Ligand SMILES: [Zn+2]
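In the numbering used here, the protein residues as written are 1291 to 1619.
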C-alpha cells in the first residue's frame, strides 16, 4: 500500500518506467514514518514483475513476484544494517556490503529483466562505503536500478545525492493528514493533538495516537514541566527513565525542544495542553539556547547505545533542560 501523499510520486515513477526513462539511481527521501520504504519496496517489486497492473503495481502472481515476495529473487539485492556477531545491529553499512552489491550488479540479470538494489538506510553508509557506491553510480551498468532510501538525506555525501534522482516524501496538507488518520481509526481530537506534536508528519502522528505511546508522551511532557517548576529532581527522573525506554523518552524531549524553538519562529499555538504549558514556561528562552538543548539531546540519543552510562547522559540532558528557565526563588 502506497500512502496517499506518495501517490503522485508513484504515478510519475510508473510513467517513467513505461517510457523506459527511469534513471539508474533514485533517492527516496523524507522524514521517518512517511511510507518511503513501502514506496521503495513496491517499486522494486514492480521492476521485477512481468505483468504489472494498470496502476503500475506488481501483479503478485508471476515468477518474478513470487520470488520477490519470498526474498529469493536472484536480481534483487537488499543492502541494510546487518547483525554483528553479538546479535546487535551494526550502526553502519560497510564497504564490504557495497563491494558485494557492485559485484552483483556487474552480472547479467538472471531472469532477463533488470537488477534492482535497495540501499536502506542509505545515510548509514560509512565514508568508505559511500565512496565505493559512488564508483558504481558513476559507471552504472545497463539494466540496473538502485533505490536509496533515507530519513536524513543531508547526511549523504553531496556527490551521491547529485547522482540520484530524488523522490521526496513531503508532508500532506493538514486536512489530508486528518482524513488519513481518520481512516486509521484515530478520533479527530487525538489526531489533531498527535499531528501537532508530530509537526505535520502523519506517520509519526499515527504512532503517537496509539494509547501506550500517548501515555508515555504525556508522562514525558508533565515530567518536563515538573522539572522546570522544580517539583522534580533531575537525578530521580534520570534513574526512572534509565529503567524505562530512555531512547523513546529522549526522542520526545528532542521533539518538544524542536517544537518550542519553532514557536519562537512564529508557529501557531499547540493543541496539546501539556505542550502549551511548556511553551508558556519557556516563552522567554532564546532560540539559540533551545537550539543548543536540541543538539545536546540528539547527541545523547546517539550516545545511548555507547559505553557511557545512560543515566549520566540523561542527567546531562535534563539538567540542561532545567537551566533553560532560571530558578526564580
Ligand atoms: Zn508480477
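Here a beta-carbon is modelled for each residue, glycine too, at the ideal position from N, C-alpha and C. Given the structure is predicted, the values throughout are model-derived calculations rather than measurements.
Subject >> Check: residue 1341 C-beta below 7 Å from any heavy atom of ligand 1 >> reply: yes
**OP:** Hey, could you find the ends of the beta strand (DSSP E) residue 1437 is sitting in?
**Re:** 1434-1440
**OP:** May I ask you to check if the CB of residue 1454 is nearer than 7 Å to at least one heavy atom of ligand 1?
**Re:** no
Original post:
Any chance the stretch 1520-1528 sits against the stretch 1597-1613, with 3 or more Cβ pairs inside 8 Å?
Top reply: yes
Original post:
If you compare alpha carbons, which of 1350, 1553, 1601 is closest to residue 1581?
Top reply: 1553
**OP:** May I ask you to check if the CB of residue 1402 is nearer than 7 Å to at least one heavy atom of ligand 1?
**Re:** no
Original post:
Taking Cβ to Cβ, would you say residue 1345 is nearer than 8 Å to residue 1352?
Top reply: no
**OP:** Express the C-alpha separation of residue 1383 and residue 1479 in angstroms, rounding to a whole number.
**Re:** 41 Å
Original post:
Counting Cβ pairs, one atom from each stretch, are 3 or more of them under 8 Å apart for the stretch 1373-1381 and the stretch 1470-1479?
Top reply: no
Original post:
Can residue 1549 and residue 1612 be called in contact, C-beta distance under 8 Å?
Top reply: no
Subject >> Touch test, the stretch 1450-1469 against the stretch 1306-1315, Cβ-Cβ under 8 Å, three pairs minimum >> reply: yes
**OP:** State the DSSP-derived secondary structure class of residue 1318, mapped to helix, strand or coil.
**Re:** strand
Original post:
residue 1439 and residue 1327 look like a contact to me (Cβ under 8 Å); what is the Cβ gap, rounded to whole Å?
Top reply: 6 Å
Original post:
What residue range is occupied by the uninterrupted alpha helix (DSSP H) comprising residue 1575?
Top reply: Element bounds for residue 1575: n/a, residue is neither H nor E.
**OP:** Out of 1547, 1332, 1590, point me to the one whose CA is closest to residue 1407's CA.
**Re:** 1332
**OP:** Output the boundary residues of the beta strand (DSSP E) element that contains residue 1368.
**Re:** 1366-1369
Subject >> Residue from 1513, 1481, 1514 whose Cα sits closest to the Cα of residue 1498 >> reply: 1481
Original post:
What three-state label does DSSP hand residue 1481 in the structure shown?
Top reply: helix
**OP:** Would you mind sorting residue 1624 into buried or exposed? The rule is 16 or more other CB atoms within 10 Å of its CB.
**Re:** Residue 1624 falls outside the range modelled here, since the chain spans only 1291 to 1619, and no answer is possible.
Original post:
If you compare alpha carbons, which of 1424, 1433, 1421, 1380 is closest to residue 1411?
Top reply: 1380
**OP:** From the DSSP output, in three-state form, read off residue 1415 for me.
**Re:** strand
Original post:
ligand 1 heavy atoms versus the CB of residue 1354: any closer than 7 Å?
Top reply: yes
Original post:
Based on Cα-Cα distance, which residue from 1597, 1576, 1354, 1329 lies nearest to residue 1302?
Top reply: 1329
Original post:
Any chance the CB of residue 1596 is under 7 Å from a heavy atom of ligand 1?
Top reply: no
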